[in-house]
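These notes concern the structure reproduced below.
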Amino acid sequence: MGNVETTRGGAENSNPLSNQNLPPKAHSSTLQSTMPVHSHPVTQDYKISRQVLGVGINGKVVECHNRKTGTKFALKVLRDVPKARREVELHYMASEHRHIVKIFDVYENTYNGVKCLLVVMECMEGGELFSRIQERAQSAFTEREGAEIMYDICCAVQYLHRMNIAHRDIKPENLLYSTKGSSGVLKLTDFGFAKRTDATAIRPLETPCYTPYYAAPEVLGPEKYDKSCDMWSIGVVMYILLCGFPPFYSAHGLPMSPGMKTRIRSGQYVFPSPEWDRVSEAAKDVIRGLLKTDPSERLTIDQVMAHKWITHYMKVPETPLFTPAVLN
1 MGNVETTRGG
11 AENSNPLSNQ
21 NLPPKAHSST
31 LQSTMPVHSH
41 PVTQDYKISR
51 QVLGVGINGK
61 VVECHNRKTG
71 TKFALKVLRD
81 VPKARREVEL
91 HYMASEHRHI
101 VKIFDVYENT
111 YNGVKCLLVV
121 MECMEGGELF
131 SRIQERAQSA
141 FTEREGAEIM
151 YDICCAVQYL
161 HRMNIAHRDI
171 KPENLLYSTK
181 GSSGVLKLTD
191 FGFAKRTDAT
201 AIRPLETPCY
211 TPYYAAPEVL
221 GPEKYDKSCD
231 MWSIGVVMYI
241 LLCGFPPFYS
251 AHGLPMSPGM
261 KTRIRSGQYV
271 FPSPEWDRVS
281 EAAKDVIRGL
291 LKTDPSERLT
301 IDQVMAHKWI
311 THYMKVPETP
321 LFTPAVLN
């Protein structure tokens, strides 16, 4: 499917660094004390490459190497604004989980008079989730493998939701493997839209932050919403994982057409033949529970984790799916 446009309300935070070799100036640390932050220049500890690894919602990610050990890391560069601080703080809070990309260091530096946050993270060298499946075109991708992948994703989201954090941008591009090969661990990244949902939240979730294919119905409108929007996104990811195409899409190639928005808000989707003929009813049952248009009726993350298709993924049939061929 490739990358799709990401849309949000509010101002865009551009990347302040046009030249990665500009020497940074240190400035005093003001991030929450629970997160260790360095005020000395990041270039003292890391050699920064011009190799761009990716572009997130709020900034780009480049390759860097620890000067003492030579270990490769990913460095995310953000303009130091409140939204970026929230992203870093929430990501750091959750980054000890096995299925969430780990943050190792955070720096507050100034480049050409612009205050920046520089976040050193583990380098995810195994590629995006669906790219990994596309590479399987010549070998079978089974429903059991799909169930195990969904288990890993749901473990990460359960951890976030129990911390009262809504990710708000769960999509294949934000699900990366740590390494190539079978030993790679799937991890969730990019907390650019993440927000607290408990009493510490400044205001409720109401900003229209979404990536079109994965947006929940309530996110598309003016109404307030909660972390159940993540559950809808999980349902869309699972649907694509098991067949290779999304449940909702624009017939005209637009990121979001009026017809697509109508279908999302009314929950109009099907399980067409032949791609869905091989998929178990248990899997379809999970998707139906996740793609409920009423958030109060939608499965919670704990309910999904208790479902037999997720909890007992090793017992899911090893039925070969059409997914790799369709994605290609």
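Those letters in the sequence shown? Residues 1 to 328, per this note's numbering, in order. Virtual Cβ for every residue (Gly too), placed ideally from N, Cα, C.
With 16 other Cβ atoms within 10 Å as the buried cut-off, status of residue i
i, result
"residue 98", "exposed"
"residue 23", "Here the model assigns residue 23 a pLDDT of 38, short of 50, so the residue's position is not dependable, and the following value carries that caveat. Exposed, because fewer than 16 other Cβ atoms sit within 10 Å of the Cβ of residue 23."
"residue 171", "buried"
"residue 124", "buried"
"residue 52", "exposed"
"residue 297", "exposed"
"residue 315", "exposed"
"residue 180", "exposed"
"residue 146", "buried"
"residue 217", "buried"
"residue 140", "exposed"
"residue 169", "buried"
"residue 194", "buried"
"residue 36", "exposed"
"residue 201", "Here residue 201 scores only 49 on pLDDT, less than 50, and its place in the model should not be relied on; the value that follows carries that caveat. Counting Cβ neighbours within 10 Å, residue 201 comes out exposed, since fewer than 16 surround it."
Sheet register partners of residue i (DSSP bridge)
i, result
"residue 121", "74, 103"
"residue 64", "48, 73"
"residue 114", "111"
"residue 128", "176"
"residue 320", "142"
"residue 360", "Coverage of the chain is limited to positions 1 through 328, which leaves residue 360 absent and any answer about it impossible."
"residue 166", "195"
"residue 79", "116"
"residue 40", "In the DSSP output, where bridge partners are listed per residue, residue 40 has none listed."
"residue 290", "In DSSP, residue 290 forms no bridge with anything."
"residue 299", "Paired residues: none, contrary to the question."
"residue 187", "176"
When the options are compared against residue i, the one with the closest alpha-carbon
i, options, result
"residue 81", "61, 115, 106", "115"
"residue 118", "124, 301, 109", "109"
"residue 309", "287, 40, 298", "287"
"residue 174", "56, 279, 146", "56"
"residue 280", "294, 60, 169, 317", "317"
"residue 264", "165, 233, 69", "233"
"residue 289", "236, 178, 314, 240", "236"
"residue 248", "238, 241, 214", "214"
"residue 46", "106, 54, 34, 35", "106"
"residue 162", "313, 312, 311, 305", "305"
"residue 219", "252, 293, 39", "293"
"residue 136", "182, 157, 158, 178", "182"
"residue 158", "301, 311, 307", "301"
"residue 126", "70, 71, 186, 69", "186"
"residue 92", "34, 285, 41", "34"
Cut-off 7 Å between Cβ atoms - residues of its own chain near residue i, not counting five sequence neighbours on either side
i, result
"residue 160", "94, 167"
"residue 155", "99"
"residue 319", "142, 143, 278"
"residue 283", "143, 242, 309"
"residue 299", "231, 289, 290"
"residue 32", "Bear in mind that a pLDDT of 48 at residue 32, under 50, signals an unreliable position, so the model cannot answer this."
Contacts around residue i, its chain only, beta-carbon distance under 8 Å, and the 5 residues preceding and following it disregarded
i, result
"residue 134", "324, 327, 328"
"residue 49", "20, 62, 63, 64, 65"
"residue 96", "102"
"residue 44", "67"
"residue 3", "Here residue 3 scores only 40 on pLDDT, less than 50, and its place in the model should not be relied on; the value that follows carries that caveat. 173, listed in sequence order."
"residue 239", "246, 247, 269, 287, 291"
"residue 11", "Any answer about residue 11 is weak, because its pLDDT of 35 lies below 50 and its placement is not dependable; what the coordinates show is given next. Same-chain partners within the cutoff: there are none."
"residue 313", "144, 147, 148, 150, 151"
Test: residue i CB closer than 8 Å to a CB of chain B
i, result
"residue 265", "Of the chains in the structure shown, none is chain B; there is only one protein chain."
Beta-carbon proximity list for residue i, same chain, < 6 Å, skipping 5 on both sides
i, result
"residue 250", "257, 260"
"residue 275", "243, 322"
"residue 197", "164, 166, 226, 227"
"residue 121", "74, 101, 103"
"residue 54", "61"
Heavy atom of the ligand MG within 7 Å of residue i beta-carbon
i, result
"residue 240", "This structure simply doesn't include the ligand MG, nor any ligand for that matter."
Does the region 77-89 come close enough to the region 218-235 that 3 or more CB-CB pairs lie under 8 Å?
no
Flag this pair as touching only if the region 127-141 and the region 99-109 have three or more C-beta atom pairs under 8 Å; answer yes or no.
no
Just checking, does the region 267-276 make contact with the region 190-197 on the three C-beta pairs under 8 Å criterion?
Touching, no, given that fewer than three Cβ pairs across the two stretches are closer than 8 Å.
Validate contact between the region 107-122 and the region 144-157 using beta carbons, cut 8 Å, 3 pairs
The region 107-122 makes no contact with the region 144-157, as fewer than three CB pairs between them are under 8 Å.
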